[in-house]
Every structure is written in structure tokens, then in C-alpha cells.
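K.L.:
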Amino acid sequence: MSASKEFCSFALRAAACIALLAGCAATPTRFDFALIGDQQYDAASETQFVRLMDDIDRAEVDFVVHLGDFKAGEPMRCDDGLYRSRREQFDASRHPLVYTPGDNEWSDCHEPKAGGYVPSERLAKLREIFFSGSSSLGRQKLPVESQGEDARYSKFRENLRWERGGVLFVTINMPGDNNNLGRTPDDDAEYRERDAANLAWLRGSFEVAKRNRLAAVALFTQANPHFERIYPRGRVRALEIAPPPQRASGFAGFLSALETEVLAYGKPVLFLHGDTHYFRIDKPLFRAGVPAPGERGRQIENFTRVEVFGFPEAHWLRIGVDPASPAVFSFREQVVPQNRWGSTP
């Protein structure tokens, strides 16, 4: 073989190796993250939370997501001092920690025993204390994008998103107890403005996921939006006799937009929430419309809901992310031994 041919052969092999290495470097790797929420409701729960965070600190996870409700409702006041104390606890996390607000720390703060605050004022204080930068909480920082970076939605800096391993992670400020709708005209006005921002953030996030050809989307809120209220008749018989809601749903617009986006995306979507303190993993989103006679409505297969452990349980969920797997997400309960029922402190 001539020198020129040998050189060409070497160059082709080198180029192939470089391309292979580049492909390996670009291939997303598997990782885990931790999910918690609805904690620190009383003195015993405060102690359990310390053990819970110690357990997560010892684990190898990329980040922690807290789904809100870092205090009980009426028995605990929504004071600035408590907010700052919780911020210090979150910043002590070994791993990056991302937090989304719950109803107990802002929309329910109008209750006299919670301090009789104006909910919108408490939300403004949460934004000031917890959402003042462009990174997560915790000792290690995770860069995040905030909706507040958009001049049209500068108020809503608590809505965050970040990309990791070919997956888009998105927080949406949607608290329990009907999303702050239906109590006073001022609260209803706050709801309408925030709901519009949330829907824009939801739709924009799916656009990012489609444009970047991401493998999956994970959405985090505090509220359980009560999927069962829109179940097709016949799918869950026990719920057919449940009484209808006594007020307009603060989640109707979100659920409608969610269904549209999940169907259009077509890849795995994980929806994670707290609020009702009932650990579960299921598929509660169905196609809208009335099923034909004899049918029961079609489940949307690429959508999965997770509800986190909540008070009085003080455990966490390890969620595996593997973009090379068709399902992308996997789940492992992490029961903290000293927080088991009946355990000796």
C-alpha cells in the first residue's frame, strides 16, 4: 500500500474513532434524583425531617425536588422567621435542592391561626426569600431557568426549568386547596394572572422539549389537581358516586392544556405532586370526550402521575432517569428506618 493510501486509511479510522467518542460523550447517562414534600407539620415531624435529609445527603442523587408544604396549615404561622429557617435548612442540603411552593405556606395563610396574612403578600415574600437567583438551593447549585427572566412574566420567578440527561424538568406554582380560586375577589384575580402564566410556562416548556428532541418531560407542582373529577364514567366505579365539587375548579384550564400537550408530545411525561398525602404511582389522565357505548375511555399511556410521601410519613422517593429506556423513569421507595411507624428515635 502506498504512503498516501496508508495515510488515507489512518485518517478514516481516526475520524471514525472521533465520531464514535463524540457520540458516546453526547449519549445521556443514567442518573437518580430525590423527591420529597408535605413535611414538618409538628415537633415530631421536624425531627423526622432532619433524619430524612440526612438519609438523602448520604445517597448518590443528582438533585432533590421539594414539592411544597414545608409547614402545617392553621396551627403554624406563616411568619418571615419560619421562611428564613426553612431556607437555611434547604441550603444545608448536600445536593442541589429545587422547591415549589405549597398552599400551607402562602394561599392558606389567611387563616387566623396561620397569621391572618394576605395570600398574595405571602407569595411575594416566598419569592423574595427562595427565588432571588438563577440557581437552585442547596450547598451545590444547579443552574435553572426562571419564567421571571421573561419581561412579560417577571413576577413569576418561582416557575423554574432545567435540562439534565436529555430530560426537561419543570416546576409550576400550583398549590392545593383549589389553586387559590374561589375565596375572595382579590384571590381570584391572583389566580387568573398566575394561571395564565402557568399555562404559558407549560406550553413553552413542551415547545422546548420538542425543539431539543428531549426524551421526556417531568412536571412538578404542589397541588393534586384531582384527575378523578374528569375520569370517564366506568373507569373507576367507586368515584362515580363521589359528590361533584361545590365550587369552580382551579385546575380545569391546566388539566385541559396538560392533556393537549401530553398527546402532542407523544413521549414519556411524568407529573409529580404532593398535597393529599397518599403515596401512589398511576396513570390518571384520559382522553377527553364521552366514550362510545360500551367503551370506558382511553388512558393516555405516555403520562404517569407520582404523589410523594407526605406527613405523617417522612420518607422519600428515588426516581431513576434513563433516556435510553423506553419508559425513561423508574421508581424506588426509600423508607427511612428511624422514621418508620413505631420506631424508637
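Numbering (the working numbering), first residue to last: 60 to 404.
C-beta atoms are modelled at their ideal positions from N, C-alpha and C, and glycine is treated no differently.
Identify, in the order they occur along the chain, each residue of the same chain with its Cβ nearer than 7 Å to the Cβ of A386, setting aside the five sequence neighbours on each side.
P.N.:
Closer than 7 Å at the Cβ level, and outside the excluded window around A386, lie P327.
K.L.:
At what residues does the alpha helix (DSSP H) containing Q393 begin and finish?
P.N.:
Q393 -> not in any alpha helix (DSSP H); beta strand (DSSP E) instead, spanning 388–393.
K.L.:
Output yes or no for whether 8 Å exceeds the beta carbon distance between S152 and V123.
P.N.:
Cβ distance < 8 Å, so S152 and V123 count as in contact.
K.L.:
Using only the alpha-carbon positions, how far apart do N163 and D381 sit?
P.N.:
Using only the alpha carbons, I get a separation of about 34 Å.
K.L.:
G325: buried (16+ other C-beta within 10 angstroms of its C-beta) or exposed?
P.N.:
Answer is exposed; the Cβ neighbour count stays below 16.
K.L.:
Taking the runs of the alpha helix (DSSP H) that are 4 residues or longer, which of them lie wholly in the segment 72–157?
P.N.:
Fully enclosed alpha helix (DSSP H) runs of 4 or longer: 102–117, 139–150.
K.L.:
Any contact between the segment 273–284 and the segment 223–239? By contact I mean 3 or more CB pairs, one from each, below 8 Å.
P.N.:
Result yes; three or more Cβ-Cβ pairs closer than 8 Å.
K.L.:
Pairs of beta-carbons, one from the segment 259–271 and one from the segment 118–137, closer than 8 Å: are there three or more?
P.N.:
Flag = no, the segment 259–271 and the segment 118–137 do not touch.
K.L.:
Name the one or two DSSP bridge partners that L376 has.
P.N.:
According to DSSP, L376 bridges with L94, E392.
K.L.:
Taking Cβ to Cβ, would you say F345 is nearer than 8 Å to R364?
P.N.:
No, the pair does not count as a contact, with Cβ atoms beyond the cut-off.
K.L.:
Name the DSSP bridge partner or partners of A274?
P.N.:
Note: A274 sits in no beta bridge, so no partner.
K.L.:
Indicate the three-state DSSP secondary structure (helix, strand or coil) for P286 in the structure shown.
P.N.:
Contrary to the premise, residue 286 reads as Phe rather than Pro in this sequence. Correct three-state label for F286: helix.
K.L.:
DSSP state of E249, grouped into three classes?
P.N.:
Reduced to three states, the DSSP call for E249 is helix.
K.L.:
Below 8 Å between beta carbons: does that hold for E366 and H332?
P.N.:
Yes; because the gap between Cβ atoms is below 8 Å, this pair is in contact.
K.L.:
Can you tell me the Cα-Cα spacing of E180 and R143, whole angstroms?
P.N.:
Cα to Cα, E180 sits roughly 16 Å from R143.
K.L.:
Just to confirm the assignment, what range does the alpha helix (DSSP H) spanning T319 have?
P.N.:
Run containing T319: 311–324, per the alpha helix (DSSP H) assignment.
K.L.:
Between S195 and L156, how many whole angstroms is the CB-CB distance? I'm expecting something under 8 Å.
P.N.:
Right, the Cβ-Cβ distance comes to about 6 Å (below 8 Å), so this counts as a contact.
K.L.:
For V226 and L329, what's the separation of their Cα atoms in angstroms?
P.N.:
The alpha-carbon atoms of V226 and L329 are separated by roughly 11 Å.
K.L.:
State buried or exposed for R416, treating a residue as buried only when at least 16 other CB atoms are found within 10 Å of its CB.
P.N.:
Not covered by the structure: residue 416. The range shown for the chain is 60 to 404.
K.L.:
Just how far apart, CA to CA, sit D113 and E147?
P.N.:
Between D113 and E147, the C-alpha separation is close to 15 Å.
K.L.:
Using the DSSP secondary-structure output, state which residues sit across from F345 in a beta bridge.
P.N.:
Its beta-bridge partners are Q358.
K.L.:
Alpha carbons only, please: which of Y250, I95, L201, L314 is nearest the one belonging to H374?
P.N.:
H374 has its Cα closest to that of I95, out of Y250, I95, L201, L314.
K.L.:
Are there three or more Cβ pairs, one per stretch, closer than 8 Å when the segment 126–135 is compared with the segment 96–105?
P.N.:
Segments in contact, yes.
K.L.:
Identify the residues that DSSP records as bridge partners of H169: which are they?
P.N.:
According to DSSP, which records beta bridges pairwise, H169 is partnered with nothing at all.
K.L.:
Expressed to the nearest angstrom, what Euclidean distance is found between the alpha-carbon atoms of R262 and C168?
P.N.:
The straight-line gap from Cα to Cα measures roughly 30 Å.
K.L.:
Helix, strand or coil: how does DSSP classify P382 here?
P.N.:
Three-state DSSP puts P382 in coil, outside helix and strand.
K.L.:
Quick check on DSSP: helix, strand or coil for L201?
P.N.:
Reduced to three states, the DSSP call for L201 is coil.
K.L.:
Can you give me the C-alpha to C-alpha distance between A311 and K342, rounded to a whole angstrom?
P.N.:
Distance between the alpha carbons of A311 and K342: 18 Å.
K.L.:
Inspect the beta-carbon positions of A139 and K184 and report whether they are closer than 8 Å.
P.N.:
The sequence given here places Asp at residue 139; Ala does not occur at that position. The answer is yes: Cβ separation under 8 Å.
K.L.:
Using 8 Å as the threshold, is the C-beta distance between F189 and Y158 below it?
P.N.:
Against a cut-off of 8 Å, the Cβ pair of Y158 and F189 comes out as a contact.
K.L.:
Can the beta-carbon of N257 be found closer than 8 Å to that of F313?
P.N.:
In this structure, F313 lies closer than 8 Å to N257 by Cβ.
K.L.:
I need the DSSP call for W260, collapsed to helix, strand or coil.
P.N.:
W260 falls in the helix class under three-state DSSP.
K.L.:
So, are the CB atoms of R186 and V203 less than 8 Å apart?
P.N.:
The answer is no: Cβ separation not under 8 Å.
K.L.:
Spatial neighbours of G224 within its chain, please: CB distance less than 7 Å, with the 5 preceding and 5 following residues excluded, ordered by chain position.
P.N.:
Answer for G224: P87, T88, F90, V380, P382, listed in chain order.
K.L.:
Which partner residues of T363 appear in the DSSP bridge assignment?
P.N.:
Bridge partners of T363: L329.
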